[in-house]
Each structure stands twice: as C-alpha cells, then as structure tokens.
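Inspection log for the structure reproduced underneath, given as structure tokens.
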Amino acid sequence: DIGYVVLNMKTSLKLTAYDYSIYGTLLGKVTKIGADTVPDQNRRDRQLSYVVTIAINPDSLAKWRARKLDIRTGMVVEAELEAGSMRIIDYILRPLLKTRDALATI
Numbered sequence: 001d002i003g004y005v006v007l008n009m010k011t012s013l014k015l016t017a018y019d020y021s022i023y024g025t026l027l028g029k030v031t032k033i034g035a036d037t038v039p040d041q042n043r044r045d046r047q048l049s050y051v052v053t054i055a056i057n058p059d060s061l062a063k064w065r066a067r068k069l070d071i072r073t074g075m076v077v078e079a080e081l082e083a084g085s086m087r088i089i090d091y092i093l094r095p096l097l098k099t100r101d102a103l104a105t106i
C-alpha cells in the first residue's frame with residue numbers, strides 16, 4: 001500500500017534468478033516514490049502501480065560481487081519494504097475490527 005511507503009524506508013531485495021534461501025538478499029532503501037500510478041505493461045489487466053526507486057546498500061552489493069553473482073538489467077526483483085512490525089494477533093484481527101467499526105457507523 002503506497003500510503004505506508006516513505007523515503008529512506010529499509011528494503012530487502014530478492015533476485016528471482018538466485019535462490020534467496022541460499023544467496024540471501026540485497027539490502028537497500030527507498031530513494032524515490034512516484035507521484036502517479038502507471039499501468040503494468042506485463043499484465044493483461046494493466047494493473048496500476050506506483051514506481052519506487054531503491055538504492056542498494058554498497059556493503060550489501062559488495063558481498064554479492066565478492067561471490068561472483070551477476071546482477072544485470074532486466075532481472076526480476078522482489079522487493080520487501082519494512083513498514084514496521086505488528087503482532088500476529090493484530091494482523092489476524094485487523095480485518096474483523098475494521099468491519100466492526102464500519103458496521104458501528106451505519
């Protein structure tokens with residue numbers, strides 16, 4: 001949800017070409033957040049998304065390069081943004097509480 005994305009937010013990047021459980025992830029931070037949505041050209045439904053730019057931590061990148069792992073243009077990356085922590089029970093109950101609150105205003 002773009003409302004929770006902020007500049008300098010920590011990220012963890014998984015390159016799908018490499019098994020992250022073996023090779024780990026690249027660490028980074030959000031450096032730019034697109035102001036407008038853009039259609040995803042790779043999806044039939046052309047789902048709208050925001051473009052977010054992430055700078056890779058130089059130390060993290062150096063570790064990958066030391067292992068001789070190539071990073072190339074066009075590689076698919078899964079980015080996980082650290083938006084904070086939440087207790088599991090809060091995560092489970094949140095939809096129920098939102099529904100309860102919505103019904104209370106009717």
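Residue numbers for the sequence shown follow UniProt numbering, so the first one is 1 and each next one is one higher. Where is the CB? At the ideal position from N, CA and C, for every residue including glycine.
Candidates the options: closest to residue i by CA position
i, options, result
"G28", "L93, A62, T99", "A62"
"N8", "E78, R87, K14, I33", "I33"
"L13", "S60, A35, I88, R100", "S60"
"Y20", "D101, V77, D90, T99", "V77"
Nearest-angstrom Cα separation, counted from residue j out to residue i
i, j, result
"Q41", "S49", "11 Å"
"Y4", "A83", "7 Å"
"L96", "L103", "11 Å"
"A79", "L93", "26 Å"
"L81", "T11", "5 Å"
Cut-off 8 Å between Cβ atoms - residues of its own chain near residue i, not counting five sequence neighbours on either side
i, result
"Q47", "P39, D40"
Pair within 9 Å by beta-carbon distance, residue i and residue j
i, j, result
"L26", "M75", "no"
"T37", "I54", "no"
Cβ-based neighbour list, residue i, same chain, cut-off 7 Å, excluding 5 preceding and 5 following
i, result
"R72", "none"
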